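Presented below is the structure to which this report refers.
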């Protein structure tokens, strides 16, 4: 059941609690950002994700949204957000708190489940609110969103570098662990032998003894085959007695399917059909042509930024490792939905040659031959590379370098929430700069009024001084 709160009523002070508004400074970045965001919008969009009839009272949507914002603004984990929230009055005030609290408002499991409940639609609404807030506070103009830059990058998953021996050993461990929870007795679990063979494989590869390494992989495939056959044979006689057992059976079936693929795959298997991680089987191998990192394991992600001001207008995970040109239509459609402005010109790199976009937007592929281009066109072509540092900040500062959210939904949400964190930091800094500018103008006005007041007093004193001198002369004569 959604928690019913009424923020329109004044908050009454309590004897043993301190009001947060008495602790925070009105010019702090988070205070300005708190006042700039329309929090009621999230209550309306998240209404469908809550049940009104049953369940315990939920944590307010504003609190959960604020914690999620802080997580992606400062690139920290769920537990670190909750720990710092108990110590920082500005964080509590930003999340809608009224009194300083000493205990966290929720736990990290609830934050994880709440993100899963969000979905792509609600995260798009959050990104749209950052853009709308920037427009309301006159930080950016809507005209700036007519020219955009589009690019893609690889969003790496938080997995180990995949090797055949390591994947086979991990699949064997998962099958055995899940089977033992169901009461399956294996003829042999290969625990000690698996560790020994994995260590041998590492040594053979280091010494470049590839034939011996291949023999080890062949033996580990046989170990996994024996364990899988035992599990499949035992599953035929298992009758689930509870929901937990049904869930374990489904989990074991998934691990067995992955095991069959690992046993069958070799160097001739197409990359799209390979398994690169046991616990994240949807991970793809992406080659972006980087010299320092030939292969990245995760999912491709696309981004749309404003060419002039670098606001992120679109962020989307693109599973299946599609060609960049085939993603242009959906990226521009999302940018129009989030910003409310239809892009008139889009600037792309050479990876978008041969795109399939059909629309009114002018797609300009920036190439290397620029001598005969007009100066006005070259100006915007040079701005295309400004999206590269934006992607760099997303990876280094906003939790996108190693995606720790699980599943396909985690890939989609992490790319969008990273963009959300980038926009929030950008909005916060712009609001602070705007507040300092207004404060400076206000102080200048006060100084000017003080100068005029001093001038009036000076003129008055001078006129009174002349009057006293004349009065003294009359008394003398």
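Numbering (this note's numbering), first residue to last: 6 to 482. Each residue gets a CB set at the ideal place from its N, CA and C atoms; glycine is no exception. Predicted model, so just to flag it, every value in this text is computed and none were measured.
Separation of residue j from residue i, as counted between CA atoms
i	j	result
residue 83	residue 220	44 Å
residue 65	residue 138	21 Å
residue 27	residue 89	20 Å
residue 281	residue 255	21 Å
residue 378	residue 408	41 Å
residue 73	residue 124	14 Å
residue 169	residue 241	29 Å
residue 321	residue 25	37 Å
residue 297	residue 291	14 Å
residue 195	residue 279	24 Å
residue 225	residue 373	50 Å
residue 233	residue 263	10 Å
residue 152	residue 159	24 Å
residue 386	residue 342	25 Å
residue 283	residue 244	26 Å
residue 21	residue 75	28 Å
residue 271	residue 239	28 Å
residue 95	residue 404	22 Å
residue 433	residue 164	33 Å
residue 439	residue 140	13 Å
residue 252	residue 183	10 Å
residue 208	residue 166	17 Å
Pick from the options that is closest to residue i, judged by C-alpha positions
i	options	result
residue 357	389, 380, 67 and 288	389
residue 135	211, 180, 421 and 354	421
residue 436	267, 370 and 32	32
residue 257	361, 237 and 295	237
residue 401	102, 416, 427 and 376	427
residue 293	269, 287, 329 and 131	329
residue 119	193, 79, 54 and 140	54
residue 49	63, 130, 167 and 117	130
residue 145	319, 313 and 93	313
residue 197	38, 185 and 178	178
Collapsed DSSP secondary structure at residue i in the structure displayed
i	result
residue 183	helix
residue 214	coil
residue 233	helix
residue 444	helix
residue 408	strand
residue 352	strand
residue 288	coil
residue 427	helix
residue 104	strand
residue 28	coil
residue 382	helix
residue 196	helix
residue 330	helix
residue 303	strand
residue 274	coil
residue 156	strand
Residue burial classification, residue i (beta-carbon count within 10 angstroms, cutoff 16)
i	result
residue 307	buried
residue 302	buried
residue 464	exposed
residue 444	exposed
residue 227	exposed
residue 51	buried
residue 267	buried
residue 315	buried
residue 276	exposed
residue 355	exposed
residue 12	Low per-residue confidence applies at residue 12: pLDDT is 49, beneath 50, and the placement is therefore not dependable, though the value from the model is reported in the following sentence. Residue 12 comes out exposed.
residue 60	exposed
residue 327	exposed
Anticipated Cβ contact below 8 Å, residue i with residue j, distance rounded
i	j	result
residue 317	residue 395	7 Å
residue 29	residue 23	About 11 Å; that fails the 8 Å criterion.
residue 174	residue 324	Not a contact, Cβ separation roughly 27 Å.
residue 392	residue 156	5 Å
residue 423	residue 77	6 Å
residue 108	residue 91	7 Å
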